[in-house]
Amino acid sequence: MMESLGDILRRSALGSTRGDGAQAPHDTEEAQEAGVAQCSLCRGTGWVSRRVAVTHPDFGQVFPCRCREQELRERSIDHLHRYSNLGPLKRMTFDSIELSDGSPDQGSQPGLTEAIEAGRAFAEEPQGWLVLTGPSGSGKTHLAAAIANRCIDNGRTLFFTHVSDLLDHLRATFSPDSAVSYDDIFQQIRDVPILVLDDLGHQGSATWAQEKLFQVINHRFNAELPTIVTLRGKLSQLDEGMRSRLSSNRLSRIYSLGSDTDSSFHDFGGLTTETRNRLTFENFDTTGMNAGPYQRESLKAFKTAAQNYSADPDGWLLLLGPNGCGKTHLAVAIVNERLAKGQGAIFAFVPALLDHLRAAFAPDSRITYDERFEAIKLSPFLVLDDLGAQSSTPWAEEKLLQLIVHRHNGRLPTVITANEDVFSLPVTSRLSDNQVVQKIRINAPDYRFGQGRERPKGRSGRS
Numbered sequence: 003m004m005e006s007l008g009d010i011l012r013r014s015a016l017g018s019t020r021g022d023g024a025q026a027p028h029d030t031e032e033a034q035e036a037g038v039a040q041c042s043l044c045r046g047t048g049w050v051s052r053r054v055a056v057t058h059p060d061f062g063q064v065f066p067c068r069c070r071e072q073e074l075r076e077r078s079i080d081h082l083h084r085y086s087n088l089g090p091l092k093r094m095t096f097d098s099i100e101l102s103d104g105s106p107d108q109g110s111q112p113g114l115t116e117a118i119e120a121g122r123a124f125a126e127e128p129q130g131w132l133v134l135t136g137p138s139g140s141g142k143t144h145l146a147a148a149i150a151n152r153c154i155d156n157g158r159t160l161f162f163t164h165v166s167d168l169l170d171h172l173r174a175t176f177s178p179d180s181a182v183s184y185d186d187i188f189q190q191i192r193d194v195p196i197l198v199l200d201d202l203g204h205q206g207s208a209t210w211a212q213e214k215l216f217q218v219i220n221h222r223f224n225a226e227l228p229t230i231v232t233l234r235g236k237l238s239q240l241d242e243g244m245r246s247r248l249s250s251n252r253l254s255r256i257y258s259l260g261s262d263t264d265s266s267f268h269d270f271g272g273l274t275t276e277t278r279n280r281l282t283f284e285n286f287d288t289t290g291m292n293a294g295p296y297q298r299e300s301l302k303a304f305k306t307a308a309q310n311y312s313a314d315p316d317g318w319l320l321l322l323g324p325n326g327c328g329k330t331h332l333a334v335a336i337v338n339e340r341l342a343k344g345q346g347a348i349f350a351f352v353p354a355l356l357d358h359l360r361a362a363f364a365p366d367s368r369i370t371y372d373e374r375f376e377a378i379k380l381s382p383f384l385v386l387d388d389l390g391a392q393s394s395t396p397w398a399e400e401k402l403l404q405l406i407v408h409r410h411n412g413r414l415p416t417v418i419t420a421n422e423d424v425f426s427l428p429v430t431s432r433l434s435d436n437q438v439v440q441k442i443r444i445n446a447p448d449y450r451f452g453q454g455r456e457r458p459k460g461r462s463g464r465s
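Following our numbering, the numbering of the sequence shown begins with 3 at its first residue and continues without gaps.
Structure, rendered in structure tokens:
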């Protein structure tokens, strides 16, 4: 029969004391020589017994003395930290967040003050879900770690994991030499009293990964287990199942940190800085090239629609017309307006974009296909230039459909240039949705005909 912890501790205590409860002489002498003050209650043993009747359940049991409570608490917290998987994030606190921007003025980080207060309340009484959204560097992970550390200080058990790392650990359990089973890890994540999922939404688009994450989220949602989720970007980038649970009015509190804008610019297709600087609204000629009165009015309306969209991008803008009528010029002009405001964008010439995605499968590629495709799919602003000019292969059609369906479902700001042939593609139904897509048709002569204007490299036949 296994000996209980209480029996072991009691025997240890009795072995170091005399029958009258006084400390054994050699222990007393060692303590005196070391100059250590003895506790008047336990006489240096660290344990005490209670004076209760023989029939009381506590009779004969030993309990930690008050002098050891702090030591035991520190040991307990250390154990909780090891279990939590926080690692170097154990140094993150609420105080370090408040000073992280170099200024005590938290107003410089939109949403941070409210999120910190909500985090403090959650740490003291973990209930429901706390969802933190925002761009990289907005303090989401820092705040989530600070909440986790405060929970641990309060003696609560939790587990902190980066979503991509979690999926890697789950995959590793399928290895024959894995020391732990898949079921053990998966159950621990599902049922841990408090779970922190860091960087949800950037785990790749593999069906298996999405399924496993949904199982975790759905289980904890139904059980109403306290959960903290950080998300780089907006909830709209998630699939409907995850989004509905994370945005539940009954269970979740959502805080957006920092600005939703990303000031970076990425180009797929050779749009040089010189060309981009030239293609502005100011340089767009509404008189056209030998254009008639109706065509000039069309160009003016075309430009006005693009300017209005650039001021407040909502949904999609589909620019339709023949080659050379100015579609690409206005699409680039919209990008320039965003960059001038410190807002980011991705500009992609569709055939070149597909080439970049194919190249990501190469063994020496510095970025994986999933990483590249996710970055484009979730971009806060995307231009798809010359949709329909790509080679019509099953793979190309599938990738474009995935990209367009995701951005359509999330109403993510997107500008598409194309000619009328685009409506023969599998994405026709999405492009025809008047609730999301604003279609602008233009009928004007080719600006470049006879002008000898430089075309962006690698973009023959574009407008």
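We put the CB at the ideal spot given by N, CA and C, even for glycine. Quick caveat, the model's predicted, so the values are computed rather than measured.
1. For I418, I'd like the list of residues in its chain whose CB is within less than 6 Å of its CB, leaving aside the five on either flank, ordered along the chain.
2. Considering A333, what are the terminal residues of the beta strand (DSSP E) in which it resides?
3. Return the Cβ separation of V133 and I256 in integer angstroms, given the expectation that the two are a contact with Cβ distance under 8 Å.
4. Relative to the C-alpha of S254, which candidate in D201, T275, I219 has its C-alpha closest?
5. On the DSSP bridge list, what partners appear for D387?
6. Can you list, in chain order, the residues of its chain with a C-beta nearer than 6 Å to that of Y311? Leave out the 5 residues immediately preceding and following it.
7. Tell me which same chain residues have a C-beta within less than 7 Å of the C-beta of T95, skipping the five on either side of it?
8. What's the C-alpha gap between E242 and G113?
9. Work out the CA separation of F124 and P66 for me, nearest whole Å.
10. For E1, does the count of other Cβ atoms within 10 angstroms reach 16, so buried, or fall short, so exposed?
11. Sort out for me which residues DSSP pairs S51 with in a bridge.
12. Tell me whether P128 is buried or exposed, calling it buried when 16 or more other Cβ atoms sit within 10 Å of its Cβ.
13. State the DSSP-derived secondary structure class of R409, mapped to helix, strand or coil.
14. Can you tell which of K441, L273, P382, M244 has its C-alpha closest to the C-alpha of H221?
15. Hey, could you find the ends of the alpha helix (DSSP H) K305 is sitting in?
16. When the distance is taken between beta carbons, is T143 closer than 8 Å to L468?
17. By a C-beta neighbour count over all protein chains shown, 10 Å radius and 16 as the cutoff for buried, is T163 buried or exposed?
18. Counting along the chain, where does the alpha helix (DSSP H) carrying V133 start and finish?
19. Three or more C-beta pairs closer than 8 Å, one from the stretch 434-447 and one from the stretch 322-330: is that the case here?
20. Is DSSP giving V218 helix, strand or coil here?
21. Are the beta-carbon atoms belonging to L237 and L197 less than 8 Å from one another?
22. Between which two residues does the alpha helix (DSSP H) containing I256 stretch?
23. Extract the residue ranges of the alpha helix (DSSP H) inside the stretch 152-237, only unbroken runs of 4 or more that lie entirely within it.
24. In angstroms, rounded to a whole number, what distance separates the CA positions of S183 and L172?
25. Taking the continuous alpha helix (DSSP H) assigned at F267, which residues delimit it?
26. Tell me the rounded alpha-carbon separation between R374 and S98.
27. Cα-Cα, which of L402, R84, Q440, G130 is closest to R252?
28. Quick check on DSSP: helix, strand or coil for L101?
29. Can you tell me where the alpha helix (DSSP H) with I418 in it begins and where it stops?
30. Are the Cβ atoms of L332 and F304 separated by less than 8 Å?
31. Let's test the definition: count the other Cβ atoms within 10 Å of the Cβ of H410 and tell me whether it reaches 16, buried, or not, exposed.
32. Can you name the start and end residues of the alpha helix (DSSP H) that L114 belongs to?
33. Determine, using beta carbons only, whether G203 and L169 come nearer to each other than 8 Å.
34. When the Cα atoms are used, what is the spatial distance from A215 to A55?
35. On the CB-based measure, 16 or more other CB atoms within 10 Å of its CB, does S258 come out buried or exposed?
36. Considering only C-alpha positions, which residue in the set R53, K401, L322, G317 is nearest to H358?
Straight from the coordinates:
1. For the purposes of this step, residue 418 is taken as the residue at position 416 of the sequence shown. In chain order, L320, L386, L389 place their CB closer than 6 Å to the CB of I418, counting only its own chain and leaving out the 5 sequence neighbours on each side.
2. Here residue 333 refers to the residue found at position 331 when the sequence shown is read from its first residue. Going by DSSP, A333 is part of no beta strand (DSSP E) but of the alpha helix (DSSP H) stretching over 329-342.
3. Indexing the sequence shown from 1 puts residue 133 at position 131. Indexing the sequence shown from 1 puts residue 256 at position 254. Beta-carbon to beta-carbon, V133 and I256 are separated by about 5 Å, close enough to satisfy the 8 Å threshold.
4. Position 252 of the sequence shown, counted from the start, is the residue given in the question as residue 254. Of the candidates D201, T275, I219, the one whose C-alpha sits nearest the C-alpha of S254 is I219.
5. Residue 387 sits at position 385 when you count from the first residue of the sequence shown. Within the DSSP bridge table, the entry for D387 names F351 as partners.
6. Along the sequence shown, one-based indexing puts residue 311 at 309. Its chain contains L319 as the residues whose beta carbon lies nearer than 6 Å to that of Y311, once the 5 sequence neighbours on both sides are disregarded; these appear in chain order.
7. As a position in the sequence shown, residue 95 is number 93, starting the count at 1. If we look at T95 and ignore the five residues flanking it on each side, its Cβ neighbours are A148, N151.
8. Numbered from its first residue, the sequence shown carries residue 242 at position 240. Numbered from its first residue, the sequence shown carries residue 113 at position 111. So the alpha carbons of these two residues sit roughly 25 Å apart.
9. Residue numbering aside, residue 66 sits at position 64 when the sequence shown is read from its first letter. Residue numbering aside, residue 124 sits at position 122 when the sequence shown is read from its first letter. Rounded to the nearest whole angstrom, the C-alpha separation of P66 and F124 is 30 Å.
10. There is simply no residue 1 to check, as the chain begins at 3 and stops at 465 in what is shown.
11. Within the sequence shown, residue 51 is the residue found at index 49, counting from 1. Looking at the DSSP assignment, S51 forms a beta bridge with V64.
12. Position 126 of the sequence shown, counted from the start, is the residue given in the question as residue 128. Counting Cβ neighbours within 10 Å, P128 comes out buried, since at least 16 surround it.
13. For the purposes of this step, residue 409 is identified with residue 407 of the sequence shown, where counting begins at 1. In this structure, DSSP gives R409 a helical state, which the three-state scheme calls helix.
14. As a first step, residue 221 must be located in the sequence shown, where it is residue number 219. Checked all of K441, L273, P382, M244; the closest Cα to H221 is M244.
15. Mapped onto the sequence shown, residue 305 falls at position 303. For K305, the enclosing alpha helix (DSSP H) begins and ends at 295-313.
16. Past the boundaries of the shown model lies residue 468; the chain is included only from 3 to 465, so the question cannot be answered.
17. In the sequence shown, the residue the question calls residue 163 occupies position 161. Under this definition T163 is a buried residue.
18. Locating residue 133 in the sequence shown gives position 131, where the first residue counts as 1. V133: not part of any alpha helix (DSSP H); member of the beta strand (DSSP E) spanning 131-136, first to last residue.
19. In the pairwise beta carbon analysis, the stretch 434-447 is classified as touching the stretch 322-330: at least three pairs are separated by under 8 Å.
20. Within the sequence shown, the letter at position 216 stands for residue 218. V218 falls in the helix class under three-state DSSP.
21. Within the sequence shown, numbered from 1, the residue matching residue 237 stands at position 235. Within the sequence shown, numbered from 1, the residue matching residue 197 stands at position 195. Taking C-beta atoms as the reference points, L237 and L197 fail to come closer than 8 Å.
22. Taking the sequence shown and counting its residues from 1, one reaches residue 256 at position 254. Run containing I256: none in the alpha helix (DSSP H); it sits in the beta strand (DSSP E), 254-258.
23. Runs of the alpha helix (DSSP H) inside the stretch 152-237: 165-174, 184-193, 209-225.
24. For the purposes of this step, residue 183 is taken as the residue at position 181 of the sequence shown. For the purposes of this step, residue 172 is taken as the residue at position 170 of the sequence shown. Rounded to the nearest whole angstrom, the CA to CA distance from S183 to L172 is 9 Å.
25. Numbered from 1 along the sequence shown, position 265 holds the residue referred to as residue 267. From DSSP, F267 is part of no alpha helix (DSSP H) but of the beta strand (DSSP E) over 267-270.
26. As a first step, residue 374 must be located in the sequence shown, where it is residue number 372. As a first step, residue 98 must be located in the sequence shown, where it is residue number 96. Taken atom to atom, the span from the alpha-carbon of R374 to that of S98 is near 33 Å.
27. Along the sequence shown, read from residue 1 onward, the residue named residue 252 stands at position 250. When each option's Cα is compared against that of R252, the closest is G130.
28. For the purposes of this step, residue 101 is identified with residue 99 of the sequence shown, where counting begins at 1. Low per-residue confidence applies at L101: pLDDT is 39, beneath 50, and the placement is therefore not dependable, though the value from the model is reported in the following sentence. In the structure shown, L101 sits in coil (DSSP, three-state: anything other than H, G, I, E or B).
29. Indexing the sequence shown from 1 puts residue 418 at position 416. According to the DSSP assignment, I418 belongs to no alpha helix (DSSP H) but to the beta strand (DSSP E) extending over 416-420.
30. In the sequence shown, the residue the question calls residue 332 occupies position 330. In the sequence shown, the residue the question calls residue 304 occupies position 302. Cβ atoms of L332 and F304: closer than 8 Å.
31. Here residue 410 refers to the residue found at position 408 of the sequence shown. Label assigned to H410: buried.
32. As a working note, residue 114 is residue 112 in the sequence shown. 114-126 is the span of the alpha helix (DSSP H), which, as asked, contains L114.
33. Within the sequence shown, numbered from 1, the residue matching residue 203 stands at position 201. Within the sequence shown, numbered from 1, the residue matching residue 169 stands at position 167. Going by C-beta atoms, G203 is not nearer than 8 Å to L169.
34. Taking the sequence shown and counting its residues from 1, the one referred to as residue 215 is at position 213. Taking the sequence shown and counting its residues from 1, the one referred to as residue 55 is at position 53. The question names Ala, but residue 215 in the sequence shown is Leu. Spanning the two alpha carbons is a distance of roughly 54 Å.
35. Walking along the sequence shown from the start, residue 258 turns up at place 256. Result: buried.
36. The residue labelled residue 358 in the question sits at position 356 within the sequence shown. Ranking the options by Cα distance to H358, first place goes to K401.
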